[in-house]
Amino acid sequence: MRVVLFTIGNYEVHSYGVIVALAVLLALGMAHYLAKGTIYREHIFNIVPYVAVGAIVSARIWHVFFFQWGYYSQHVMEILYIWQGGIAIQGALIGGFLAIIYYTKKHRLSFWEFADFLAPAIILGQSLGRIACFLNGDAYGSPTGSGFGLVYPPGSMAYDAYGSQPLWPAEIWEGQWDLVVFVILILLKNRKWPTGVLFLAYNILYSFGRFNLEWLRGDSPRYMFNWTAGQWTSFSVIMVSVGLIVYLVLHDRSKVQLAGAGKGI
Numbered sequence: 001m002r003v004v005l006f007t008i009g010n011y012e013v014h015s016y017g018v019i020v021a022l023a024v025l026l027a028l029g030m031a032h033y034l035a036k037g038t039i040y041r042e043h044i045f046n047i048v049p050y051v052a053v054g055a056i057v058s059a060r061i062w063h064v065f066f067f068q069w070g071y072y073s074q075h076v077m078e079i080l081y082i083w084q085g086g087i088a089i090q091g092a093l094i095g096g097f098l099a100i101i102y103y104t105k106k107h108r109l110s111f112w113e114f115a116d117f118l119a120p121a122i123i124l125g126q127s128l129g130r131i132a133c134f135l136n137g138d139a140y141g142s143p144t145g146s147g148f149g150l151v152y153p154p155g156s157m158a159y160d161a162y163g164s165q166p167l168w169p170a171e172i173w174e175g176q177w178d179l180v181v182f183v184i185l186i187l188l189k190n191r192k193w194p195t196g197v198l199f200l201a202y203n204i205l206y207s208f209g210r211f212n213l214e215w216l217r218g219d220s221p222r223y224m225f226n227w228t229a230g231q232w233t234s235f236s237v238i239m240v241s242v243g244l245i246v247y248l249v250l251h252d253r254s255k256v257q258l259a260g261a262g263k264g265i
């Protein structure tokens with residue numbers, strides 16, 4: 001773990017910011033490659049300002065109200081102090097997707113088609129992004145109760161919470177799961193699916209992994225059923241995505257049947 005990579009004079013270069021920047025560049029590069037030969041390729045870099053604003057605002061809201069409302073309710077002005085840290089990846093994803101919906105409507109593009117190109121790139125960026133969490137010492141796990149686990153150094157959030165106890169490597173395993181999801185999506189991409197199904201498959205696969213790994217997290221408050229905010233978000237995303245897949249598949253079949261009936265007339 002290394003919060004500060006190096007210093008330039010009095011300026012500290014933090015590992016979190018560097019790795020997140022690399023993750024964004026990797027995701028953009030992959031999306032640009034996957035959209036080759038389509039109208040969406042020219043829009044890949046144009047969506048960045050929209051997604052950046054939507055993701056940052058939503059990520060902050062998610063963190064404040066679902067993860068640390070007990071603190072921020074007593075320090076309301078600090079909600080605006082985003083430079084002090086405190087963002088949630090699930091909130092960032094939701095805000096980013098809302099921004100893409102706005103962008104595609106503005107430019108008269110298909111959100112579902114665009115999202116299918118973006119899905120593998122997004123999860124690839126997420127896999128690298130979890131390295132940032134590890135180096136920053138956040139998104140840490142709960143104590144393993146054994147000699148196995150990550151031991152964080154003094155000065156980290158994990159150490160402040162649990163001391164020198166070995167903790168579950170929740171953020172490491174999530175990054176590895178994200179890579180597995182990336183490979184699955186690339187394999188699925190080679191088959192013909194109704195538009196939007198690949199994006200929804202990404203949502204389901206990522207949320208499935210996130211839901212199960214949340215049992216190991218040691219930095220999140222728990223609510224009904226002893227679920228974390230991450231688990232409730234994951235469960236909701238899975239349910240909505242499954243419903244949308246059913247709708248898209250049935251809609252695609254009805255179009256095929258109508259086209260066939262039209263040819264038979």
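Numbering follows full-length UniProt numbering, with no gaps: position 94 of the sequence shown is 94. We treat Cβ as the ideally placed atom computed from N, Cα and C, and that holds for glycine.
Can the beta-carbon of E174 be found closer than 8 Å to that of R210?
-> yes
Are the beta-carbon atoms of G196 and L167 separated by less than 8 Å?
-> no
Write down the C-beta distance between G91 and A23 rounded to the nearest angstrom, noting that I regard them as a contact closer than 8 Å.
-> Contact doesn't hold; Cβ gap of about 16 Å is too wide.
Thinking F66 and A229 are a contact (beta carbons under 8 Å), I'd like their distance in whole angstroms, please.
-> 4 Å
Are the beta-carbon atoms belonging to P116 and L198 less than 8 Å from one another?
-> Just to set this straight, residue 116 is Asp in the shown sequence, not Pro. Contact flag set, yes.
From the DSSP output, in three-state form, read off V151 for me.
-> coil
So who's on the other strand from I8, going by DSSP bridges?
-> Y11
Quick one: what's G141 bridged to in DSSP?
-> R217
Report the option in M1, L34 and H14 whose CA atom is closest to the CA atom of N190.
-> L34
Hey, out of E12, Q231 and Q176, whose CA is closest to I123's CA?
-> Q176
Cα-Cα separation between D252 and F45, rounded to whole angstroms | 30 Å
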